[in-house]
Amino acid sequence: MKKGLSRRNLFKYVGAGSATAVVAGCENKPEKLIPMLVPPTDYEYTPQTAYQYMTTCRECDAACGMMVTTREHRAQKAEGNPNHPLNQGALCAKGQASLQTLYNPSRHAYPLADGKKIPWQEGLQQFSALTQTAAGAIAYLGKPAVGSEGDFLDEWLQAAGGGKRVDFELLSQNSQVEANQIAFNRADVPEYAFEKAGLILNFSADFLETWGNPVENARRFADMHAYQKGNKNKFVHISPHVSLTGAKADRWVVINPGTEGLVALAIAAVIQQENGSHTFLKAYLESYSPENVAEETGVSAEAIRGLAKEALEHGPLLAIGGGNVSATKQSVETLVAVNILNAVSGALDKTLRFYNQTAVKKSTHQDLLELISDLDAGKIKLLIIDDSNPVYALPPSMGFAEAIKKTFVVSLASQKSETTHEANLVLPALTAYESWGDAFPRSGVKSIQQPVMSAVNTFDAKAREDILINTVQSIDKTAFSGNSNYLDFLQDKWSKIQRELGDTRSFENFWISILENGGIYEKPKFARTALSRKVTAVKVSSPELVGQEGLTLLPTTSLLLGDGSGANKPWLQEVPNPMSQIVWDSWVEINPDTAQKLGINDRAIIEVKTPHGSVQATAYYHFGIHRDAIAIPMGQGHQHSGEVADGFGINVMQLLPGEFDNAGNLSFVGVQAELKLINEKSYTVNTDGNARQLGREIAAATTVEELAHPENHGSAHKRPTEFYPDRSETAGYYKPYRWGMTIDLDRCNGCSACVVACYAENNIPVVGKIRTAIGREMSWIRMERYIEGYGDDFETRFSPMLCQQCGNAGCETVCPVYATYHNPEGLNAMIYNRCVGTRYCSNNCAYKVRRFNWFNYEFPAPLDQQLNSTITTREVGVMEKCTFCVQRIKTAKYDAKDLSRDLEDGEVLTACQQTCPTKAITFGNLMDPESKVAKSALRETADKRDRQYEVLAELNYKPAITYLKKVNTREVLGHNSENHDSHQNSENHG
Amino acid sequence: MLGKKVINLKQYFLVGLFVSAFFLALNTTTAYAEEQPIAFSHKLHTVQNGIACQYCHLYARRSFSSGVPPVSTCIGCHGPKEQKLVQPDSKEVNKMRTFWSDKEPIPWVKIHDVPDFVRFPHKEHINADSNRLLDDAGAGCDTKNAPRSLECKLAQFRTGGDQRCLACHGDVRQMEVITQVDENFGKMGWCMECHLQVKGAKERKRTGSTIAGWYHAKEMDKKREAAIGLVNEKGYHNPNMLDCYTCHY
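Protein sequences, first through last, are from chains A and B.
The first sequence: position 882 = 882 (our numbering), numbered continuously.
The second sequence: position 246 = 1236 (our numbering), numbered continuously.
1) Would you say A:Thr962 and A:Gln948 are within 8 Å of each other, going by their C-beta atoms?
2) So is A:His709 buried or exposed if we call it buried at 16+ other beta carbons inside 10 Å?
3) What three-state label does DSSP hand A:Arg901 in the structure shown?
4) I need the boundaries of the beta strand (DSSP E) containing A:Asn991, first residue and last residue.
5) With distances taken from CA atoms, which of A:Gly161, A:Asp151 and A:Ser345 is nearest A:Ile200?
6) Just to check my reading of the structure: A:Leu63 and A:Cys57 have Cβ atoms closer than 8 Å, yes? What is that Cβ distance to the nearest angstrom?
7) What's the C-alpha gap between B:Gln1026 and A:Ser128?
8) Thinking just about the alpha-carbon of each residue, which of A:Leu745, A:Gln914, A:Ser586 and A:Gly65 is nearest to the one in A:Ser682?
9) So what does A:Ile625 bridge to, in DSSP terms?
10) A:Thr820 bridges to which residues according to DSSP?
11) Of all the options A:His638, A:Asn389, A:Gln866 and A:Val254, which has the alpha carbon lying nearest to the alpha carbon of A:Asn763?
12) For the 8 Å Cβ check, are there 3 or more pairs between the stretch 446-457 of chain A and the stretch 467-481 of chain A?
13) What does B:Asn1174 touch in chain A if you count any residue whose Cβ is under 8 Å from its own?
14) Determine whether the Cβ of A:Glu971 lies closer than 8 Å to any Cβ atom of chain B.
15) Would you mind telling me which residues of chain A sit closer than 8 Å to B:Arg1214, beta carbon to beta carbon, in chain order?
16) Would you be able to state if there are at least three C-beta pairs under 8 Å between the stretch 794-812 of chain A and the stretch 843-855 of chain A?
17) If A:Leu341 sits next to A:Ala264, beta carbons under 8 Å apart, how far is it from one beta carbon to the other, in whole angstroms?
18) A:His717 by DSSP, collapsed to three states: which one?
19) Just to confirm, is the Cβ distance from A:Ser667 to A:Glu296 under 8 Å?
20) Could you pull out every residue in the same chain whose Cβ sits closer than 7 Å to the Cβ of A:Cys885, ignoring the five residues on either side in sequence?
21) Hey, would you say A:Glu784 sits closer than 8 Å to A:Glu795, going by beta carbons?
22) So which residues of chain A does B:Ser1053 contact, with C-beta pairs closer than 8 Å?
23) To the nearest angstrom, report how far apart A:Gly150 and A:Ala269 are at their CA atoms.
24) Using CA coordinates, which residue listed in A:Asp188, A:Ser172 and A:Thr131 is at the minimum distance from A:Gly162?
25) Indicate whether at least one CB of chain A lies closer than 8 Å to the CB of B:Asn1084.
26) Exposed or buried, A:Asn577, counting other C-beta atoms within 10 Å across all chains shown (16 or more means buried)?
27) Taking A:Ala179 as part of the beta strand (DSSP E), name the residues at either end of that continuous run.
28) Rounded to the nearest angstrom, what separates A:Ala960 and A:Pro736 at their Cα positions?
29) To the nearest angstrom, report how far apart A:Thr1049 and A:Lys523 are at their CA atoms.
30) Which same chain residues, not among the five before or five after A:Asn185, have their C-beta less than 7 Å away from its C-beta?
31) Beta-carbon separation of A:Glu1014 and A:Asn956 under 8 Å?
32) DSSP has A:Ala527 in a bridge; who is on the other side?
33) Let me check understanding here. Comparing Cα to Cα, which of A:Val410, A:Lys569 and A:Ala403 lies closest to A:Gly378?
34) Do you know how far the Cα of A:Leu827 is from the Cα of B:Leu1048?
35) List the whole-angstrom C-beta distance separating A:Phe207 from A:Thr245, where the pair is believed to meet the contact cut-off of C-beta under 8 Å.
36) Starting from the C-beta of A:Gly399, find all residues in its chain whose C-beta is less than 8 Å away, skip the five residues before and the five after it, and write them out in chain order.
Pasting the structure below:
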């Protein structure tokens, strides 16, 4: 017999020992019950109850209407305002993440003078004194005004003794406005009526990401492009680069960088020849005939004629131009060319409509140059900067960072940034969630921004406008007609609006109705527009970027990080970029053909060098880029923007020369880059296991032709025949609800707003780059991206993947403690307090949607104030997954019970469904044959199906989610997997 | 061989020590109370002065939380120091007045607590239809000898009004210091005692394996479903009170 401690005895001791340790650790400290001193009387208050406030999203200047849910007077969830005509209830990923602007731990918590904390009183005094001495030599640099703040700032500058206001926005539409002025005599951005178009020709614009209002664009685009009643309209992407927008295209026409204008004119030339409109253009367009431009653009004359033919057949056409990728020094000419194409094809006043208004003149990037030279010359004594971040965003060669050292910089920003790091005095401003404002983004749309909660208590900040009023009134008491705060100023403005509307209610009633609705929404008034004869003076030529040494650098935008303002938000860093599936990083998109020629492997670290700077980043093989170009997304590479942003990726702006187009806008394209292999391996983290479906048909597609024949309906993968009866025939199950969902892959464009919405709604922790690398990301819904085909003819498919709430789930049967089981309403319930963390369920889940809490994840204060208080925040050792937003189902059921009825269709919206700009997700009760979801799921018989399929149906898990196939207008590439050629490397993304 | 036995005894002794320590530590007194910042007497306010529970805990029928009354509710009757309203000179009331004048909330100690993974809606219980209880639920309550028996709790719940609050919280109206009467308050078995007294609850609980009852499964299912009484007389489906998702999500 062995002496000493046997294994069995060891466990006995350890077990008993840990039991005592647990007892010691769990000392039951009673919680405190802290009542309020006085319950609020200025707003309705019931504890643990959701209240919604209408306001305006200010993450970009699209100014969508927003509805913020607050509980205990804390904003916990942002949703689109369903009344708002632009976004109609939806929000993009950035809008969803605006909550992290509010609760961002890297917000300024107190005033700073030269980096040292000072009391507010001192800061304000210093600011007033400066304003007084600098009168006449003040400059205000800020985001372009979309509401009354423009008038406010002008009035302020006047009261302060004069100065100038310069707008700064990296992704601006100034070139567009200038081109419209030249082509149509309208200095404005028109309405793009996607839904009325029969064909969209997109010249490099990223209209589903950052161009215009992406939420509105996505909705209207889906209405035009999605499969409806046997028909599908086409969208052709004409660009050197396939962005997320391009990925949705039916066809990608590869052109040489910067030649969008030439292609547009060549198409216009053919159309003009055919339809004979605009005869004054005949001679002008003849010089741009397809044959003439074929060589410069890299598109054959035949292909251009083909596009023109399609435009003539499937019109009305809508041609869209703009965005970064076409922003060469000639971007105004390019956009004029696109305008000509629209005019010639008869799109004007049909798919492209101008409002009966003149747009507010915005200053340009070139005005910044003027400001910089003024700063250099010492003409500016005081520079005030709002939340914009020019030190980060402008190419260093412009010398902005050096120039501001020669003046006194006062920053009125809420977020820490490279710019506030350089500021002499920082007076922290409140965010849009905590302060008043308004926005007039579109003719007829006037949107109010109200504080949805009192200021976050960890930050000692004041409203930007109130700081300014306070300062100027300390000099001149009569300034702003004695209005002591911005709210008074706004109300003055809105009472004027009320008078203009002819509204006879008392102002108080009018104001309340504005706050309830979120603003005033009138139908826009349009003005008839004609093409100016002066356009023939515009000469469009090729920038001749191809054929030079090096590769053309295309700085692209990302719908998550935008111009970089999203980088300090953990959700936006953690959510994978839908195209590359990379998190917390920058990358260099390079065509595999080019890369292999240069000896650069996928995921190698390469140095990208231009005459203006060099950076090192990971190479990412992407079929969707011109062979003579590389693309680097903007938004990363911060140094002083807080823990979440700093040190991740690189800033592509450092490679740019700081040159401008004719509208004074920065030209992003035009510089050539040299690549050098540094290391074959990088630490880039991506969440996709394999970019290829390998015959699994996870994201399935079909074609219009196939759908015309019912025998092609349904999926290649079918449920096996089963011996057991369905759960619906078992006592107590599915009566009256069986929750289900359909996801239309033809409407989904991969924008990932649903993913961020899920993080916000369900208290999902952010785990960071390293833990994502070892597969510990916690997202309950992920945007899967699959690539079909090879080379220029590749296809991208997106498929949101979440818990399928299986009727015959694999996870349920393997749980040893019944922590996960099939709920009577068809939910695959996950009971956290029963879970012991064996992770068997996750191993047996075919969809890989279960997430395990390896740690007690932190929500660094004050991000914890955002946590949804209607659900449990999970702790270490438990499994979690999508619940179909069971808290929303419960709340709706309680409300319905109060009215003595069952739930009605559409009463419960899941967070992902609610925010989807294209309404790709339908959720509801499958047992109600009249419900939307039951109708679109059509589950019973094969003959009633057309696009419906279940993912991995052959496993017989009986998922409650039905996917609707993407509809292609070309041959579905996934069908023949024989097509392999030399791009083997691209199979191993990950 | 002998030596081995000795070691074993030592072992059991040690384990026994740990186990007894464990249970000692777990042992909580049946009536749990804590020292409160103010010696507030529920008895005085409810029985002697006849104030109803929901006068102060006014969110109980409207929200998940019953609501701890804000200090302004106390001030409403007692008034600030200078006004000399109800009990102007009481030491304990003056404590409250000090909190009020210092603009500090009163840090009450939570006695009735459910774990964070439980979502307990007060309003659903206050507004619940007592007809859903089994017809004989609450019969045979012996108030004298077993006031906290299941029968008595059910009877109180049936009576409604303030009695319904007492069903779970105990007879707060007789408490000088707020006390948790039921040892198992907030534990799952304690909740389930009543949740199983709902009509159809026993039938809702799935019993037996599918294979064993396979031959008669459909027939049994039909009977069970009829007994569950899915739809109530108002024409909508009764909430399921046995599903885990009822409380844990």
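For glycine and all other residues, C-beta sits at the position ideal for the given N, C-alpha and C.
With the structure as the only source:
1) The Cβ atoms of A:Thr962 and A:Gln948 sit closer than 8 Å to each other.
2) exposed
3) coil
4) One cannot answer for residue 991 of chain A here, as it falls past the ends of chain A, which runs 1 to 990.
5) A:Ser345
6) Correcting the residue identity first, residue 63 of chain A is Ala in this sequence and not Leu. Correct: roughly 7 Å between the Cβ atoms.
7) Cα to Cα, the separation comes out at about 50 Å.
8) A:Ser586
9) A:His241
10) A:Met830
11) With respect to the C-alpha of A:Asn763, the residue from A:His638, A:Asn389, A:Gln866 and A:Val254 having the closest C-alpha is A:Gln866.
12) no
13) Result: empty, since nearest Cβ-Cβ is about 14 Å, beyond 8 Å.
14) no
15) Ala731 and Gly732
16) These segments touch.
17) 4 Å
18) coil
19) no
20) Correct list, in chain order: Glu761, Thr910 and Ala911.
21) Taking 8 Å as the cut-off, the beta carbon of A:Glu784 is found no closer than this to the beta carbon of A:Glu795.
22) Thr46, Pro47, Gln48 and Thr49
23) 42 Å
24) A:Thr131
25) No - not a single Cβ of chain A is within 8 Å of the one on B:Asn1084.
26) So A:Asn577 counts as buried.
27) Note, A:Ala179: premise wrong, no beta strand (DSSP E); alpha helix (DSSP H) at Asn174 to Phe184.
28) 15 Å
29) Past the boundaries of the shown model lies residue 1049 of chain A; chain A is included only from 1 to 990, so the question cannot be answered.
30) Ser532
31) Since the first and last residues shown for chain A are 1 and 990, residue 1014 of chain A lies out of range.
32) Residue pairing by DSSP puts A:Ala527 in a beta bridge opposite A:Phe354.
33) A:Ala403
34) Taking the CA atoms as reference points, B:Leu1048 sits about 34 Å from A:Leu827.
35) 6 Å
36) Ile372 and Asp376
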